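Numbering (our numbering), first residue to last: 17 to 102.
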Amino acid sequence: MALSPSEKQAAYRARQKAAEQNRLDVIEAALVQKAARCEDLSSEDRAALADQLDDLAMRYLWRSKELAQLAQKVRPPGWTPPGLPP
């Protein structure tokens, strides 16, 4: 059975998101390696590296906010985390 255009678009978007996440992981690994040898960098390069690390941290913060909002939508009504008073 053939996929409808909306199903094709949803599958494409899912693949794009997965590719973006993989790219973020690769970028993070490269920045961590670069930060490990930051003593060899000039002040300007260190500032640029700090900006790149800040940008990556902000991307993860935005993503965590999106996931937290999704988790709130998925929780059953009246649910309380274990260990908290009802």
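Glycine is no exception: its CB is placed at the ideal position from the N, C-alpha and C atoms.
Just so it is clear, the structure is predicted and the values come from calculations on it, not from any experiment.
Could you work out which residue in the options is closest to residue i when comparing CA atoms only?
{"i": "Q37", "options": "A64, R75 and A63", "result": "R75"}
{"i": "Q49", "options": "S20, P93 and A66", "result": "A66"}
{"i": "Q68", "options": "E44, R31 and Q88", "result": "E44"}
{"i": "A51", "options": "D70, Y28, P98 and P97", "result": "D70"}
From the DSSP output, in three-state form, read off residue i for me.
{"i": "W95", "result": "coil"}
{"i": "S20", "result": "coil"}
{"i": "L57", "result": "coil"}
{"i": "L100", "result": "coil"}
Is residue i near residue j, with beta carbons less than 8 Å apart?
{"i": "L47", "j": "L72", "result": "yes"}
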